[in-house]
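**Q** Quick note, my numbering runs 576 ahead of the 1-based positions in the sequence shown.
Can you keep this structure in mind? I'll have questions shortly.
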Amino acid sequence: MVYLREQRSKQVAVDDLTVVVPLSKPAYPTRQESGVLSRADLIQLANNGIAGVRKLQLKSQVEVPRRQLQMSQLKDKLFSSLAHRDAKVWVSEPYLHLDVCARVRAVWRSRSLMQWNDFNCVELIAARPNLHARLAFVDRSSRDDSLAGLLATLVALSLPIEMAEALPAIAKEISPLVSTQPELIYTANSHHYRTAFKVAAAQLTASGSKLCVHQHGGGYGIDELHIGEYFDREVADCFFTFGWRDSSNQNVRPLPTPHRAVRSTVSQQILLMCAEHITEFFRFQSFCLPEHSGKVLLETRSFLNMMNSTSDIHLRMAPSSPIPLPLLGDLVAKCTIAETSESGAVAASRAALVVHNYLGTSWLETLAMNVPTVCFYDSEFYRPRAEARPFLDALVRVGVLHYSGSEAAKFVNSLRGNPTAWWQSAEVQEAREAFVARYANFNDNWLEAWTEEFERLLS
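Next comes the structure, spelled out in C-alpha cells:
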C-alpha cells in the first residue's frame, strides 16, 4: 500500500496505450516496442485516470499453447477413466513431480480409492476480454481519487479472463464433475492456481466434502511469518506437512511425498542453485521481494568472488526469472551455465556439492536426498519460528547454513574439493537427519501412507 501511495506523485504521458489482459494467471505485461506497459506504468495510469490518453486498447494474452492444453486435457480424461466410479477421494495437482510412467502406476494402484484430475477441463484460448465492460469500469473507477479507486482501476485492467469473462464457461464445464460428490478433495497446488478447481471445491465443500491441502514448498513450519501457509491452513479441513506438526492443531499432520530424485553417479561439480530474480513485488513472502533479490545478487557475487579459481561451478538459474548475466559481471567467467532442461533435483543428484543462495524448496530436497548441501542467506530476510530454530542452529554449527556468501565460500574452499568427507561425519548427519525428519520427510512409500491417511479420514 505504501508503494502504491508513493506512485501518486508520479505522472505518465502516453498517447496510445495497449494493455494485455492475462488469460489464466496474473502475469503482468512488460514494456515493449508495441506500447505494452509495465505494472509501474499501469499504476501511474491509474493515478492519472485515462485523461491524456488518446486511445486505450485491451487485448488478451494467449499463454497456453493449444497442443499443450489438449495433452493436459487428454491426461485428465485418461486418469479419471481409470478410477472406480465410487472412488471417494479426488486428487488434483499434488506435489509429486513423477515421470509419466510412475504417475500412471500410482493412478492405477489407487484407482479404487482415488480419482486423479488436474482440472485442465476448460478451453480458455478462445476467451476474450469484454472490452466495453472493462473500459467502462476503468472510466468510472479512475474518477475516484482514493487508493480504493486506484486499485479498482488496476483490477479492471489486469484481472485474468478466467476470473471474469470465462467464469460461466468454467461453471458449465465442471458441472458434470461436481455432480459426483467425493468425500475428500486433496490438492497441493490447484487451490492456488486452478480456477476451475476453486469453483468446484467451493461448491463441493458447501455440500459436505472435506478439503485436504498438502504443503508444496519450503518455508512451511519454518518461517516465523509465512502467508502461504496461513492461507492453506485456513481454507483446509486437514493440512498435511513435510513432517512437522502443530501441537495446538490436530488437523495439521505429516504426510510424505516422493523424493524428487535419487543420488546418482557423482561428478566433481559444485552446483549453485539460484533463487528467482524478482524485480516487482508479487507475493507476501521474503524471497518474493525485489529487495531480497537485490541482496541475493550481492551475496551471490560475494560467493563467486571468494571461490577458488579451480572450482568447477555450475550456475543453475531459475528458468522463469533468471538472474541477468550482466549483473554478475566478470564473475560469470568462473561458472558454467547449467542447462534447465532437466529438473533441479536431478541435476543436484549428480553434484559433488549443491549450494543454494536462498531458503526455498530446493535445499529441502537436496538435504532429503543426502546430497552435500550448503546454503547462504541474509538472516534479516529469514527469521525462523521458535520451534524450528534449534534445528536450523544445528545446521549452522555443522556448516550447512551460512549468513553470507563470503562465509559460505570460505567454508566450501576449506573442504579442498572433498565435501563427502565433511558430509558423512557423524555430527553433520545427526543434524541433517533431525531436520529432514521434521521438515523434509520425503518417502518413496508415499502412496501407501496416503492410502492409510485417506482411509483414516473416511472412517
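By construction, the Cβ of each residue, glycine as well, lies at the ideal position given by its N, Cα and C atoms.
Every value quoted in this text rests on a predicted model; they were computed, and no experiment measured them.
Taking buried to mean at least 16 other C-beta atoms within 10 Å of its own C-beta, is Cys-677 buried or exposed?
**A** So Cys-677 ends up on the exposed side.
**Q** How many angstroms separate the CA atom of Ser-982 from the CA atom of Gln-691?
**A** Each residue's Cα considered, the two are about 50 Å apart.
**Q** Please report how far the alpha carbon of Val-612 lies from the alpha carbon of Cys-911, in whole angstroms.
**A** Residue placement at Val-612 cannot be trusted, given a pLDDT of 45 that sits under 50; the coordinates are not used to answer.
**Q** Provide the residue span of the alpha helix (DSSP H) that contains Cys-911, from first to last.
**A** From DSSP, Cys-911 is part of no alpha helix (DSSP H) but of the beta strand (DSSP E) over 911-913.
**Q** If we ignore side chains and look at the alpha-carbon of each, how far apart do Ile-803 and Arg-1014 end up?
**A** C-alpha separation (whole angstroms): 20 Å.
**Q** Buried or exposed for Val-976, going by 16 or more other Cβ atoms inside 10 Å?
**A** That one is buried.
**Q** Sort Gly-794, Asn-706 and Ala-782 by Cα distance to Phe-1018 and report the nearest one.
**A** Cα-wise, what sits closest to Phe-1018 is Gly-794.
**Q** Three or more C-beta pairs closer than 8 Å, one from the region 989-999 and one from the region 798-813: is that the case here?
**A** Short answer: they don't touch.
**Q** Taking 6 Å as the limit between beta carbons, can you name the residues of its chain near Leu-929, skipping five residues before and five after?
**A** Same-chain partners within the cutoff: Ile-846, Pro-948 and Pro-995.
**Q** Measuring alpha carbon to alpha carbon, tell me which residue in His-835, Glu-915, Pro-895 and Phe-967 is nearest Ala-1037.
**A** Shown here, the chain extends from 577 to 1035; a query on residue 1037 therefore has no answer.
**Q** Drop a sphere of 10 angstroms on the beta-carbon of Ala-703, count the other beta-carbons inside from all chains shown, and report buried for 16 or more, exposed for fewer.
**A** By the 10 Å Cβ count, Ala-703 comes out buried.
**Q** Considering only residues of the region 852-923, which uninterrupted alpha helix (DSSP H) runs meet the minimum length of 4 residues and lie entirely inside it, listed in chain order?
**A** As far as the region 852-923 is concerned, its whole alpha helix (DSSP H) runs of at least 4 residues are 866-882.
**Q** Based on the DSSP secondary-structure assignment, which residues constitute the bridge partners of Cys-850?
**A** In DSSP, Cys-850 forms no bridge with anything.
**Q** Look at Ile-913 and Leu-880 and say whether their C-beta atoms are less than 8 Å apart.
**A** No, these two residues do not count as a Cβ contact at 8 Å.
**Q** DSSP puts Phe-816 in a beta bridge; with which residues?
**A** DSSP, once it has assigned bridges, lists His-790 and Arg-829 as partnering Phe-816.
**Q** Can you tell me whether Gly-905 is buried or exposed? The criterion is at least 16 other CB atoms within 10 Å of its CB, across all chains shown.
**A** Gly-905 is exposed by the Cβ-count criterion.
**Q** Counting only the same chain and skipping the five closest in sequence on each side, list residues whose C-beta sits under 8 Å from that of Arg-821.
**A** The answer, listed in chain order, is Val-828, Arg-829 and Pro-830.
**Q** Between which residues of its own chain and Ala-782 is the CB-CB distance below 6 Å, once the five residues before and five after are set aside?
**A** Nothing listed; no residue qualifies.
**Q** Where does His-978 land, buried or exposed, given buried means 16+ other C-beta within 10 angstroms?
**A** Label assigned to His-978: buried.
**Q** DSSP puts Ile-761 in a beta bridge; with which residues?
**A** For Ile-761, which the question treats as bridged, DSSP gives the partners Trp-666 and Leu-787.
**Q** Between the beta-carbon of Met-574 and the beta-carbon of Ile-889, is there less than 8 Å?
**A** Residue 574 lies beyond the stretch modelled for the chain, which goes from 577 to 1035, so this question has no answer here.
**Q** Quick test of your reading: Pro-758 and Lys-664, contact by CB under 8 Å. State the CB separation rounded to the nearest angstrom.
**A** At roughly 6 Å, the Cβ-Cβ gap stays under 8 Å, so Pro-758 and Lys-664 are in contact.
**Q** Would you mind sorting Thr-729 into buried or exposed? The rule is 16 or more other CB atoms within 10 Å of its CB.
**A** Answer is buried; the Cβ neighbour count reaches 16.
**Q** Classify Val-775 as helix, strand or coil using the three-state DSSP reduction.
**A** In the structure shown, Val-775 sits in a helix (DSSP, three-state: H, G or I).
**Q** Who are the near neighbours of Tyr-934 in its chain, counting only those whose CB is closer than 7 Å to its CB and skipping five residues on each side?
**A** Only Ala-851, Phe-863, Val-872 and Tyr-953 meet the Cβ criterion.
**Q** Going by C-alpha to C-alpha distance, which of Glu-1031, Phe-1030, Arg-1032 and Leu-1023 sits closest to Val-680?
**A** Nearest option by C-alpha distance: Leu-1023.
**Q** Return the CA-CA distance between Ala-1016 and Asn-706, expressed in angstroms with no decimal places.
**A** Cα to Cα, the separation comes out at about 46 Å.
**Q** Can you give the beta carbon distance from Ala-740 to Ser-717, rounded, assuming they're within the 8 Å contact cut?
**A** The pair is not a contact, with the Cβ atoms about 15 Å apart (cut-off 8 Å).
**Q** Just how far apart, CA to CA, sit Pro-960 and Ser-869?
**A** One C-alpha to the other measures close to 19 Å.
**Q** Could you check which residue in Glu-956, Leu-787, Phe-957 and Ala-921 has the C-alpha nearest to that of Thr-942?
**A** Answer by Cα proximity: Ala-921.
**Q** To the nearest angstrom, report how far apart Ala-1025 and Tyr-796 are at their CA atoms.
**A** Distance between the alpha carbons of Ala-1025 and Tyr-796 is about 20 Å.
**Q** Can you tell me whether DSSP reads Leu-977 as helix, strand or coil?
**A** Residue state, collapsed to three classes: strand.
**Q** Can Asn-765 and His-792 be called in contact, C-beta distance under 8 Å?
**A** Cβ distance < 8 Å, so Asn-765 and His-792 count as in contact.
**Q** Can you tell me whether Arg-770 is buried or exposed? The criterion is at least 16 other CB atoms within 10 Å of its CB, across all chains shown.
**A** Under this definition Arg-770 is a buried residue.
**Q** Less than 7 Å between C-beta atoms, sequence neighbours within five positions excluded: which residues of the same chain meet that for Ala-923?
**A** Result list for Ala-923: Leu-847, Arg-892 and Ala-914, in chain order.
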